[in-house]
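In our numbering, the protein residues as written are 651 to 800. This report concerns only the one structure given below.
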């Protein structure tokens with residue numbers, strides 16, 4: 651099954667080290683996640699981010715509760731990291747975050763490779779609601795970046 655790919659590029663008016671530091675603190679995910687997801691970190695804070703770190707969350711998708719376990723599979727501060735779903739609502743979720751400093755700003759790229767639930771009929775839930783939901787989550791993130799980093 652071929653993964654779907656979401657790619658978002660955002661310019662944020664902060665130096666690369668400040669922005670990477672923000673993403674290095676798992677508790678900041680609450681600040682950029684839509685409230686309707688009921689996002690909650692289960693892993694005790696603070697979490698030391700590094701390759702191999704495991705983070706457990708609870709979320710709600712369409713009102714249904716899910717446990718989500720992710721592993722930091724790549725960690726290259728302040729330029730890049732990858733979080734990979736070990737357990738969760740998707741058949742596959744690999745989220746690559748890259749950061750490139752450009753003057754006083756940072757060019758941030760998110761690339762998510764994912765496969766929706768649904769087995770051989772995966773394309774149906776993907777087209778009906780998963781693709782829209784994933785885009786809505788990233789739209790929310792972008793709006794919050796503008797508020798957090800004016």
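Positions of the beta carbon are idealized from the N, C-alpha and C atoms, including for glycine. As the structure is a prediction and not an experimental result, all values here were calculated from the model.
Is it the case that the Cβ atoms of residue 729 and residue 743 are separated by a distance below 7 Å? no
Thinking C-alpha only, which one of 725, 768, 791 and 684 is nearest residue 748? 725
From 775, 693 and 782, residue whose alpha carbon lies closest to that of residue 721: Comparing Cα positions, the closest option is 693.
Exposure of residue 766, with buried meaning 16 or more beta-carbon neighbours within 10 Å: That one is buried.
Taking only the alpha-carbon atoms, compute the straight-line gap between residue 665 and residue 738 and give it to the nearest angstrom. 33 Å
On the CB-based measure, 16 or more other CB atoms within 10 Å of its CB, does residue 789 come out buried or exposed? Residue 789 comes out exposed.
Return yes when the Cβ of residue 719 is within less than 7 Å of the Cβ of residue 691, no when it is not. no
List the whole-angstrom C-beta distance separating residue 679 from residue 710, where the pair is believed to meet the contact cut-off of C-beta under 8 Å. With a Cβ gap of about 15 Å, residue 679 and residue 710 do not count as contacting.
Beta-carbon gap between residue 768 and residue 775 smaller than 7 Å: In contact: residue 768 and residue 775 (Cβ atoms closer than 7 Å).
What are the partner residues of residue 763, as DSSP defines its beta bridges? Residue pairing for residue 763: DSSP places it in a beta bridge opposite 655 and 744.
Quick one: give me the first and last residue of the alpha helix (DSSP H) that residue 786 is part of. 781-798
Which value, in whole angstroms, describes the spacing of the CA atoms of residue 681 and residue 751? 23 Å
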